[in-house]
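Mapping to full-length UniProt numbering: the sequence shown position 115 is 115, numbers consecutive.
Every residue gets a Cβ at the ideal spot worked out from N, C-alpha and C, and that includes glycine.
On a predicted model such as this, the values are computed, not experimentally measured, just so you know.
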Amino acid sequence: MFEVLAGSDTMVDLALIALWALAAWRLGGLARQPDARKRASGAKWVRALLVVAAVPVVAKAVLIALLLFHGWEFGANDLVFGVPMVLVPAVFAYVWTFPALRNPDNPALYADLKVGLPPRLTAIGGAFAFWLGFFKQPVGGLFDEVAIYGFLFLIAALLQVVKLRKVSGLLATGSPFPGLGARLLRTGAKVTAFVAVVVVGSVWGSSSSTLPGSYNMAEHGGVAHAAGGHSSDGISPVAYSPVPGKPITELTGPKDGVPDKKFTLTARTTEITLPSGAKIHGWTYDGSVPGPLLRVRQHELVEVELLNADVEAGVSLHWHGVDVPNAEDGVPGLTQDAVRPGGRHVYRFRAPDVGSYWYHSHQVSSEQVRAGLYGGFIVDPAEPEAPVTDIPVVVHTFKNQIQVMGGTDLLDRKAVAAGTKTRLRLINSDSQTRRFSLTGTPFKVTGIDGTPVNGPTEVTDNILVLGGGARYDVEFTMPDAPVRLATLGQPDSGMLLSPDGAGDRAPRFDGPELDANSYGTPAPTEFGADSPAARTVEWVMDNRLGFYDGRFAMVYTVNGDLFPNVPAVVVREGDLVRMRFVNRSFVDHPMHLHGHHALVLSRNGKPATGSPQWLDTVTVHPGETYEVMFKADNPGLWMDHCHDLDHAALGMVMHLSYEGYRTPFVAGYDTPNQPE
1 MFEVLAGSDT MVDLALIALW ALAAWRLGGL ARQPDARKRA SGAKWVRALL
51 VVAAVPVVAK AVLIALLLFH GWEFGANDLV FGVPMVLVPA VFAYVWTFPA
101 LRNPDNPALY ADLKVGLPPR LTAIGGAFAF WLGFFKQPVG GLFDEVAIYG
151 FLFLIAALLQ VVKLRKVSGL LATGSPFPGL GARLLRTGAK VTAFVAVVVV
201 GSVWGSSSST LPGSYNMAEH GGVAHAAGGH SSDGISPVAY SPVPGKPITE
251 LTGPKDGVPD KKFTLTARTT EITLPSGAKI HGWTYDGSVP GPLLRVRQHE
301 LVEVELLNAD VEAGVSLHWH GVDVPNAEDG VPGLTQDAVR PGGRHVYRFR
351 APDVGSYWYH SHQVSSEQVR AGLYGGFIVD PAEPEAPVTD IPVVVHTFKN
401 QIQVMGGTDL LDRKAVAAGT KTRLRLINSD SQTRRFSLTG TPFKVTGIDG
451 TPVNGPTEVT DNILVLGGGA RYDVEFTMPD APVRLATLGQ PDSGMLLSPD
501 GAGDRAPRFD GPELDANSYG TPAPTEFGAD SPAARTVEWV MDNRLGFYDG
551 RFAMVYTVNG DLFPNVPAVV VREGDLVRMR FVNRSFVDHP MHLHGHHALV
601 LSRNGKPATG SPQWLDTVTV HPGETYEVMF KADNPGLWMD HCHDLDHAAL
651 GMVMHLSYEG YRTPFVAGYD TPNQPE
């Protein structure tokens with residue numbers, strides 16, 4: 001619904017510009033028209049234009065009301081800027097301009113400020129509304145933006161006053177208006193000036209947005225201690241200088257001791273041949289997609305050696321959702337250097353929590369994950385559990401839009417005996433939200449993002465919505481008939497379970513979406529909505545056209561800024577941190593917190609009423625607000641970002657910094673490290 005409102009608002013702004021600019025231009029022509037009959041005919045056309053132009057004006061008023069009803073953050077900009085710049089001058093146009101069009105005998109009347117100015121200001125206001133909605137969305141208290149754009153609007157209004165006064169003077173003295181040649185020359189000069197401004201602005205925007213060749217990720221953008229804080233625009237190089245504090249390289253897993261589980265993963269360039277015969281040129285861990293499934297028990301000491309055979313850009317391993325010590329987090333330029341061809345890096349940590357996780361490269365991750373550098377990571381209970389058929393299901397979509405489920409792009413048939421307890425571990429390794437359908441059996445959702453659901457109840461045909469990077473554990477008793485797992489948009493692939501591996505069942509996607517906010521049974525938590533927070537941070541997320549790293553693209557901002565200008569959130573160990581996500585954009589943002597799980601407090605202002613949700617990836621749909629809280633109990637310097645990795649690559653990256661820590665690593669094109 002919000003996407004419709006936001007998209008309609010943009011289209012209405014464009015209609016305002018077009019219709020009111022045309023009406024103002026035709027109105028100006030009436031003042032210069034000496035022929036009374038043509039002037040009368042033209043006045044009728046302008047009146048008709050104003051009648052049509054009333055449609056986007058009314059639509060704008062309705063949209064402002066609807067957006068404000070949706071939430072203050074979603075309608076504040078339209079209210080603060082749209083009402084005085086668009087609605088007010090439009091009202092005066094119908095009070096003063098429209099009646100004057102009934103009297104075409106007096107051409108001087110159309111150059112009168114009361115008659116000629118309102119349509120011009122409405123068109124200019126529409127242009128400001130479009131700019132502030134699609135190119136530069138204000139965030140926060142709006143005081144600075146009101147001052148800046150109010151001043152610019154006033155200057156534009158004064159220029160129109162000067163122009164109308166000049167026309168009135170010519171009419172009063174009977175002086176001739178400039179000829180066609182002079183008007184064309186003047187118009188050409190204006191167009192040339194406009195083009196020059198666009199070109200100069202584009203060159204400046206491109207150059208000023210280019211990321212530095214080397215920068216320290218712990219020192220960008222200032223700090224954010226309170227809600228809504230944001231830095232000034234512009235990206236400047238950050239030279240690393242040793243600051244007081246412990247290096248995060250000390251925050252490792254156990255350095256000594258024989259590992260309980262030891263793995264070696266080799267990243268290499270591979271031509272992947274899928275079961276359908278489709279070929280993909282990409283990168284893999286150990287030559288397979290997904291990479292080898294790594295399975296350990298809770299609290300075991302895990303050692304993973306990463307080798308890079310030939311991936312030129314370098315690679316790393318990030319343990320998505322596993323709250324490892326900071327130095328083991330696998331973020332090039334923050335916690336390590338990327339592993340270059342021929343290099344190696346060893347990760348050691350104890351697996352803290354039972355659940356479903358995954359691993360992937362965090363070097364140029366928008367490319368490397370999509371190309372195949374990912375795999376599943378499962379933490380089983382320390383003590384063996386009751387017999388269960390446990391099936392990890394990693395869903396992935398390559399850059400050519402071929403989707404695989406568990407490594408196959410065909411229907412994956414599996415034989416599971418009737419009466420068997422079955423668990424499907426759904427892992428969405430994609431950037432985009434995926435909707436899963438499990439048809440043919442009632443089921444329970446027993447785990448979300450690696451944490452158990454308290455008191456899960458059976459549901460049937462409910463759609464499971466997993467944002468990028470999210471995981472759901474689903475359990476059921478295998479019936480004596482086929483069970484089908486599929487994702488929306490991929491009806492011919494997926495997974496079919498049956499007692500003999502045969503049969504068929506069509507997936508269903510007509511059921512309701514499971515509301516995780518109310519699913520399961522409440523349980524006590526260490527802290528909650530009433531707990532006082534040491535830090536409160538609001539992240540308002542927008543998408544707009546703009547420059548990032550030298551190119552013009554659809555960029556993704558946090559509080560109006562792009563990495564590295566998004567201030568780091570600075571905390572002390574033990575702090576309770578309250579975060580509020582506000583999504584004003586057109587797309588989903590799965591916000592991933594490295595090293596921490598956050599408790600969901602509310603969604604869209606509605607308190608969570610089901611099982612406590614401890615998420616490492618909070619998927620915020622367009623028009624949604626989420627409030628979460630976490631305890632700062634894993635010290636270090638942590639990357640937080642949208643796990644739609646294309647969004648992270650275009651600016652939606654933030655950081656959580658514990659006081660007293662520094663990193664010796666740097667990122668940038670002049671270094672080995674390009675994290676996303």
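Which residue wins for smallest C-alpha separation from Leu411, given the options Val393, Val555, Ala417 and Ala59? Taking only the C-alpha atoms, the option nearest Leu411 is Val393.
Run through DSSP, which three-state label would Asp9 get? Judged by DSSP in its simplified three-state form, Asp9 adopts helix.
Mind pulling the alpha helix (DSSP H) runs of 4 or more residues that sit fully within the stretch 348-378? With a minimum length of 4 residues, the continuous alpha helix (DSSP H) runs that stay inside the stretch 348-378 are 365-368.
Within 10 Å of its beta-carbon, does Thr273 have 16 or more other beta-carbons around it, so buried, or fewer, so exposed? Exposed is the call here.
Near Leu66, what residues of its chain come up, given a Cβ to Cβ distance below 7 Å and the 5 sequence neighbours on each side ignored? Shown here for Leu66: same chain residues with a beta carbon closer than 7 Å to its own, the five before and five after excluded, namely Leu5 in chain order.
Alpha carbons only, please: which of Ala76, Ala371, Val620 and Ser206 is nearest the one belonging to Lys399? Closest by C-alpha distance to Lys399, out of Ala76, Ala371, Val620 and Ser206, is Ala371.
CA nearest to the CA of Asp561, picked from Leu545, Asp575 and Glu312: Checked all of Leu545, Asp575 and Glu312; the closest Cα to Asp561 is Leu545.
Closest to Ala608 by CA distance: which of Pro664, Leu334, Asp515 and Asp329 is it? Nearest of Pro664, Leu334, Asp515 and Asp329 to Ala608, Cα basis: Asp515.
Return helix, strand or coil for Ser231, following the three-state DSSP convention. A caution first: Ser231 carries a pLDDT of 32, below 50, which makes its placement in the model unreliable, though a value can still be read off. Coil.
Does the stretch 91-103 come close enough to the stretch 46-62 that 3 or more CB-CB pairs lie under 8 Å? Verdict: yes, contact present.
Please specify which runs of the beta strand (DSSP E), each continuous and at least 3 residues long, are wholly inside the UniProt domain "Plastocyanin-like" (554-656), giving them in chain order. Within the UniProt domain "Plastocyanin-like" (554-656), the complete beta strand (DSSP E) runs of at least 3 residues are 568-571, 576-583, 589-593, 598-603, 617-620, 625-631 and 637-642.
Note down, in chain order, each residue of its chain lying with its Cβ closer than 6 Å to the Cβ of Leu306, except the 5 sequence neighbours on either side. For Leu306, where only same-chain residues beyond five positions count, the Cβ hits under 6 Å are Leu265, Leu317, Val339 and His345.
Within the same chain, show all residues whose beta-carbon is closer than 7 Å to that of Glu73, passing over the 5 residues directly before and after it, in chain order. Closer than 7 Å at the Cβ level, and outside the excluded window around Glu73, lie Val540, Val582 and Arg584.
Going along the chain, which residues of its own chain have a beta-carbon closer than 7 Å to the beta-carbon of Asp337, five neighbours each way excluded? Spatial neighbours of Asp337 in its own chain (CB-CB distance under 7 Å, excluding positions within 5 residues in sequence) are listed in chain order as Phe665, Pro672 and Asn673.
CB of Met495 within 7 Å of CB of Met579, strictly: No. Outside cutoff.
Ranges of the beta strand (DSSP E) found wholly within the stretch 506-552, counting only runs of at least 3: Along the length of the stretch 506-552, whole beta strand (DSSP E) runs at least 3 residues long occupy 535-548, reported in chain order.
Taking the Cβ atom as the reference point for each residue, do Asp542 and Thr557 lie within a distance shorter than 7 Å? Closer than 7 Å, so yes.
Go through its chain and collect everything with a Cβ distance to Thr408's Cβ below 6 Å, but skip five positions before and after it. Cβ neighbours of Thr408 within its own chain (closer than 6 Å, five residues either side excluded): Pro275.
Should Arg47 be counted as a contact of the ligand NAP given a C-beta to heavy atom distance under 6 Å? In the structure shown, the ligand NAP is absent, as is every other ligand, since no ligand is present at all.
Assuming contact is defined by CB atoms lying nearer than 7 Å, are residue 705 and Phe349 in contact in what I supplied? Outside the displayed range of the chain (1 to 676) lies residue 705, so it cannot be described from this structure.
Can you name, in chain order, every residue of its own chain whose Cβ lies under 6 Å from the Cβ of Val354, other than the five neighbours on each side? Excluding sequence neighbours, Val354 sits near Gln298, Val379 and Pro381.
Taking Cβ to Cβ, would you say Pro675 is nearer than 7 Å to Gly205? The answer is no: Cβ separation not under 7 Å.
Buried or exposed by the 16-neighbour rule on C-beta atoms within 10 Å, applied to Tyr669: Classification of Tyr669: exposed, given that the 10 Å Cβ count is below 16.
Taking just the CA atoms, how far does Pro247 sit from Lys421? So the two alpha carbons sit approximately 47 Å from each other.
For Arg471, report the span of its beta strand (DSSP E) as first-last. Arg471 -> beta strand (DSSP E) spans Arg471 to Thr477.
Could you give the residue range of the beta strand (DSSP E) that holds residue 710? Any answer about residue 710 is impossible in this case: the structure gives the chain only from 1 up to 676.
Please state whether DSSP places Asp78 in a helix, a strand or coil. In the structure shown, Asp78 sits in a helix (DSSP, three-state: H, G or I).
Among the candidates Lys262, Ala108 and Glu300, whose CA atom is the shortest distance from the CA of Pro292? When each option's Cα is compared against that of Pro292, the closest is Lys262.
With DSSP collapsed to three states, give me the class of Leu265. Strand, per DSSP.
Quick one: what's Thr487 bridged to in DSSP? Per DSSP, Phe436.
Validate contact between the stretch 74-93 and the stretch 114-123 using beta carbons, cut 8 Å, 3 pairs: These segments touch.
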